[in-house]
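Residue numbers (the working numbering): -10 to 153. Glycine included, C-beta positions come from ideal geometry on N, C-alpha and C. Bear in mind the structure is a predicted one, so any value in this text is a computation, not a measurement.
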């Protein structure tokens, strides 16, 4: 696995991409025309040509989470002192997520977003509660903060590298 793991992962990614694109382009002409026309009728939301891509994304994300969790626990068990930085980073991430969740209102003020939520709730026969909206808003805020921190880190270490 050490020798061919990266090539195997890349090959699987290419294979999944080819299957996903084949499922999209093999849709009937009516569906493709409707999607290309950016039609916002109810029939557009009932298409199932993207189901493979969504399903495999969920499966791969869950698999990556489980594998990362297993490797994290193994690393912590084999080197508890060295894992303190990782634990501190996880606590920091959870703190940013908690702050983002606490700051979110859970109310929808943009009519376009309210319309999209209504279409989603109607088509999926589900309900987005205030808690769901707060979690989504908090997660988006957390992602933006993490992107900002990543850019700041790149700048700081780039400047630091110049003076070394």
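Quick one, are the C-beta atoms of residue 93 and residue 123 less than 8 Å apart?
-> Result yes, Cβ atoms of residue 93 and residue 123 sit closer than 8 Å.
Through-space distance from residue 5 to residue 158, alpha-carbon basis | Outside the modelled stretch of the chain, which goes from -10 to 153, sits residue 158, for which no answer is possible.
Along the chain, where does the alpha helix (DSSP H) that runs through residue 4 open and close?
-> From DSSP, the alpha helix (DSSP H) with residue 4 extends over -6 to 14.
Residue range of the unbroken alpha helix (DSSP H) whose run includes residue 57 = 40 to 67
Are the beta-carbon atoms of residue 85 and residue 145 separated by less than 8 Å?
-> no
Range of the contiguous alpha helix (DSSP H) that encloses residue 134 = Per DSSP, residue 134 belongs to the alpha helix (DSSP H) from 119 to 151.
Looking at the unbroken alpha helix (DSSP H) that takes in residue 18, where does it start and where does it end?
-> 18 to 25
Counting Cβ pairs, one atom from each stretch, are 3 or more of them under 8 Å apart for the segment 54 to 71 and the segment 23 to 41?
-> no
Reduced DSSP secondary structure (H/G/I, E/B, other) of residue 70 = coil
Exposure label - residue 89; buried when at least 16 CB within 10 Å | buried
Using three-state DSSP, classify residue 36 as helix, strand or coil.
-> It is coil, neither helix nor strand.
If you check the beta carbons only, do residue 117 and residue 106 fall under 8 Å apart?
-> yes
In chain order, what residues of the same chain lie with their CB nearer than 8 Å to the CB of residue 82, ignoring the 5 residues before and after it?
-> 131 and 135
Sorted by chain position, which residues of the same chain lie with C-beta nearer than 6 Å to residue 8's C-beta, five sequence neighbours on each side aside?
-> Counting only residues of its own chain and dropping the five nearest sequence neighbours on each side, residue 8 has no CB closer than 6 Å to any other CB.
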